[in-house]
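FYI, numbering that gives the first Met the number 0 numbers position 40 of the sequence shown as 39, with every residue one higher than the one before it.
For every residue, glycine included, the Cβ atom is placed at its ideal position computed from N, Cα and C.
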Amino acid sequence: MNGTIGAEAMNDAKNSTRSDPAGAPPRPGLVTTPLTQRFWDAANDDELLIQRCRDCGHRQHYPRNICTGCWSEQLEWQAASGRGTVWTFTVVEKPGHPAWAGETPYTIALVELEEGPRLMTRLIDCAPDGVAVGMDVVLRPTRDEQLGQTLITFAPAASD
């Protein structure tokens with residue numbers, strides 16, 4: 000497959016407007032597994048879950064079958080506080096999929112949670128030029144009606 004099909008789709012998406020979601024291509028679907036299903040169910044309840052090892056106490060995200068601290072299989076789900084700090088970020092100006100072309104620019108950040116794990120997320124309620132490494136952020140889940148799923152997003156703590 001040559002790159003012209005993707006380029007045409009990107010141009011079509013750029014020429015569509017945000018106010019006309021019917022003209023935008025559909026977003027890629029969410030992939031869940033038996034391991035991640037509890038995480039996504041909690042997200043639908045506006046809650047962020049991380050895993051905690053019962054043997055060593057290590058906390059981790061993304062969901063795994065074993066503890067990355069001691070390799071134990073004794074993991075449980077724990078509600079995160081929803082507070083964190085921007086560890087690093089990037090501003091997306093050219094989306095990787097045409098479905099997000101009408102939303103650019105937007106900010107993707109690696110947020111270090113108060114509990115320790117870091118997670119990739121979208122920052123909302125903040126202009127890209129207002130984001131800084133070290134900025135305090137809070138959980139602000141966003142419902143994506145097309146996906147039928149609440150997504151884990153964060154916003155500046157000041158806008159809380």
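- About 6 Å separates the beta carbon of Gly83 from that of Glu113, a gap short enough to meet the 8 Å contact definition.
- Glu111 sits in a strand when the DSSP states are folded into three classes.
- In the three-state reduction of the DSSP assignment, Glu75 falls in the strand class.
- Rounded to whole angstroms, the Cβ separation of Glu75 and Arg53 is 6 Å, and the two are in contact under 8 Å.
- Buried is the label assigned to Thr152, since at least 16 other Cβ atoms lie within 10 Å of its Cβ.
- The residues Ala100, Thr103, in chain order, have a CB closer than 7 Å to that of Pro94 in the same chain once the five nearest residues on each side in sequence are set aside.
- By the 16-neighbour rule on beta-carbons within 10 angstroms, Met119 is exposed.
- Around Val132, the same chain offers Val85, Trp86, Thr87, Phe88 as residues with beta carbons nearer than 8 Å, after the five sequence neighbours per side are excluded.
- Distances from the alpha-carbon of Val137 to those of Val110, Thr67, Leu48, Pro27 put Val110 closest.
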